[in-house]
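Have a look at the structure below before the remarks.
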Amino acid sequence: MKNIIEQIESEQMTRSIPQFKSGDTVVVKVKVKEGARERLQAFEGIVIAKRNRGLNSSFTVRKISHGEGVERVFQTYSPTIDDITVKRRGDVRRAKLYYLRSRTGNAAKIKEKLEPSKRKQKQKAAANVQT
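Mapping to numbering that gives the first Met the number 0: the sequence shown position 24 is 23, numbers consecutive.
Right under this line is the structure:
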């Protein structure tokens, strides 16, 4: 019985999802149905939690909209999600970033994680400025 459930779940998890983790800034495009027409709505924010449970995986995205914090939980393999794009990699040491709920302004910012090639470029640029 368990093998049958795993087989059905694996068939439904065919869509490719980009690699992202807590602290990353992502844009999630969600299909919204308004009457007869359907459109895409973009929700951009920081991933504060990720739950890896196969087909039941989900992630929570937080953004500040008009001075008010908005969090939305998305099912990773939901048919209502059209696309997930990673805009920025965050450099964090926690899996769950719930502490961001109590922070505002600059205190809620997350440092960007630089790839090795970008890090070298920044170091060269800083060295050129100093000389």
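C-beta atoms are modelled at their ideal positions from N, C-alpha and C, and glycine is treated no differently.
Note that the structure is a prediction, hence the values are computed from the model and not measured.
With a contact defined as Cβ atoms closer than 8 angstroms, I80 and V60 miss out at about 11 angstroms. Non-local C-beta neighbours of V72 in its own chain, meaning closer than 6 angstroms and more than five positions away in sequence, comprise S57, T59, ordered along the chain.
Q40 sits in a strand when the DSSP states are folded into three classes. Around D82, the same chain offers K28 as residues with beta carbons nearer than 6 angstroms, after the five sequence neighbours per side are excluded. Scanning its chain for C-beta atoms nearer than 6 angstroms, with the 5 sequence neighbours on each side dropped, one finds around E8 the residues G53, L54, in chain order.
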